[in-house]
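This report refers to the structure that appears directly beneath it.
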Amino acid sequence: MIKIGTQERYLIIFALLLVCVMILASAGLGVLKQNEDESGIEAFTDGSDDGSSESSEITAAIPIPGEDVPSSSINTSYEQNPEPMNESAIEPVSDQSNANSDKVTLTVSGSLEYVSPEEMSRMSDVIIIGTVKEVLPSKWNTGDGQIPNDDIYELEWYDIYTDVVINVDEYLKNPLSEKEVIVRTLGGEKDIISIVVEDEASFNPGEKVFLYLKKDTWPNTMSNGPEHFVVTGVSQGKFTLTEDGRAIHFGESFTLDELLETV
1 MIKIGTQERY LIIFALLLVC VMILASAGLG VLKQNEDESG IEAFTDGSDD GSSESSEITA
61 AIPIPGEDVP SSSINTSYEQ NPEPMNESAI EPVSDQSNAN SDKVTLTVSG SLEYVSPEEM
121 SRMSDVIIIG TVKEVLPSKW NTGDGQIPND DIYELEWYDI YTDVVINVDE YLKNPLSEKE
181 VIVRTLGGEK DIISIVVEDE ASFNPGEKVF LYLKKDTWPN TMSNGPEHFV VTGVSQGKFT
241 LTEDGRAIHF GESFTLDELL ETV
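If you use the UniProt record's numbering, the sequence shown corresponds to residues 1 to 263, in order.
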């Protein structure tokens with residue numbers, strides 16, 4: 001019988017343990033590779049579509065004129081237009097977009113720093129109570145008013161603007177001689193492009209409003225079209241007035257007297 005010393009015993013045990021570790025490691029790598037293959041197939045399946053729409057997302061820091069907006073995200077989606085458009089009416093934006101079938105929507109969202117009614121009153125050039133007369137057709141923010149020839153990924157969120165005509169019922173600060181004022185909002189729909197700026201104020205014809213307004217100082221829009229104002233605090237300076245004397249925005253409700261006290 002061969003006698004095995006203590007040292008040889010330890011070496012044999014160590015060798016057996018090493019073999020076991022290698023076997024387990026090999027089995028684990030096989031399972032991991034199988035999972036990766038299955039995940040790849042699943043991801044490929046989830047990412048497929050029927051060819052009717054495409055979408056991509058771009059994140060960037062985008063300043064909203066005159067306001068403190070730390071960050072915004074642009075989500076660009078392509079929606080198939082069920083009805084063909086007149087090819088001679090518009091020019092294609094880019095190779096990625098077919099003017100006959102595709103509609104491009106850019107949605108801009110961001111976070112706004114809260115501005116109180118008292119602060120907006122100090123910041124505003126004009127404060128009015130009025131009624132929305134008309135929401136004018138959206139326009140391109142270009143020198144000739146025509147659709148840009150840029151690639152859709154080069155379009156800026158302020159390339160389309162929409163003017164709103166307000167019948168002034170009462171001037172509360174710095175009264176003007178005009179019975180109507182124009183309020184400009186960024187975004188809108190023009191040709192095959194729709195730009196939605198979530199933090200912009202929205203208006204409906206016939207709506208009774210309390211507005212904190214300031215002059216447009218944004219270089220890209222201030223010189224376009226007629227004299228106009230923008231809502232102070234982006235959408236925060238627009239309140240919808242109700243028949244029971246309330247002023248509402250962002251789910252908050254004030255009395256009209258509370259807003260009048262800020263002027």
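No residue lacks a Cβ here, since even glycine has one placed at the ideal position from N, Cα and C. Since the model is a prediction, treat every value here as computed from it, not as a measurement.
Continuous alpha helix (DSSP H) stretch holding E118: start and end: P117 to M123
Check whether K173 and L211 have beta carbons under 8 Å apart: no
Residue from G225, E189, A201 and S111 whose Cα sits closest to the Cα of D144: The option with the nearest alpha carbon to D144 is G225.
Status (buried if at least 16 other CB within 10 Å, exposed otherwise) for Q80: Reliability of the predicted coordinates at Q80 is poor, the pLDDT of 36 falling under 50, and the value obtained from them is presented with this limitation in mind. Label assigned to Q80: exposed.
Cut-off 6 Å between Cβ atoms - residues of its own chain near S138, not counting five sequence neighbours on either side: Excluding its 5 nearest sequence neighbours in each direction, S138 has C-beta neighbours in its own chain below 6 Å: I160, T162, G188, E189 and K190, listed in chain order.
K215 beta carbon less than 8 Å from that of F229: yes
Length at least 3, wholly inside the segment 176-206: the beta strand (DSSP E) runs in chain order: 180-186, 188-190 and 193-197
Three-way DSSP call (helix, strand, coil) for D257 in this model: helix
Assigned secondary structure, L18 (DSSP; H/G/I helix, E/B strand, else coil): helix
DSSP state of V104 mapped onto helix, strand, coil: strand
Reduced DSSP category for I147 - H, G, I as helix; E, B as strand; rest coil: coil
Enclosing beta strand (DSSP E) for Y212 [first to last residue]: K208 to K215
First through last residue of the beta strand (DSSP E) which encompasses T131: DSSP places T131 inside the beta strand (DSSP E), whose first and last residues are V126 to V135.
Check whether T242 and H249 have beta carbons under 8 Å apart: no
E118 versus D102 - alpha carbon distance: 45 Å
Segment limits, beta strand (DSSP E) that includes G113: Here the sequence assigns Glu to residue 113, which means Gly is not the residue at that position. For E113, there is no enclosing beta strand (DSSP E), as DSSP marks it with neither H nor E.
Spatially closest choice to M222 from K179, R184 and P175, by CA coordinates: R184
Nearest-angstrom Cα separation, counted from L136 out to D257: 31 Å
Boundaries (first-last residue) of the beta strand (DSSP E) holding V234: That residue, V234, is in no beta strand (DSSP E); it is neither H nor E in DSSP.
Same chain, Cβ closer than 6 Å to V231, neighbours up to 5 away in sequence not counted: Its chain contains A201, G237 and K238 as the residues whose beta carbon lies nearer than 6 Å to that of V231, once the 5 sequence neighbours on both sides are disregarded; these appear in chain order.
The beta strand (DSSP E) enclosing H249, as first and last residue numbers: R246 to H249
Outcome for I12 when other beta-carbon atoms lying within 10 angstroms are tallied against a minimum of 16: exposed
Contact set for I129: own chain, Cβ-Cβ below 6 Å, skip 5 residues either direction: D169, E170 and F210
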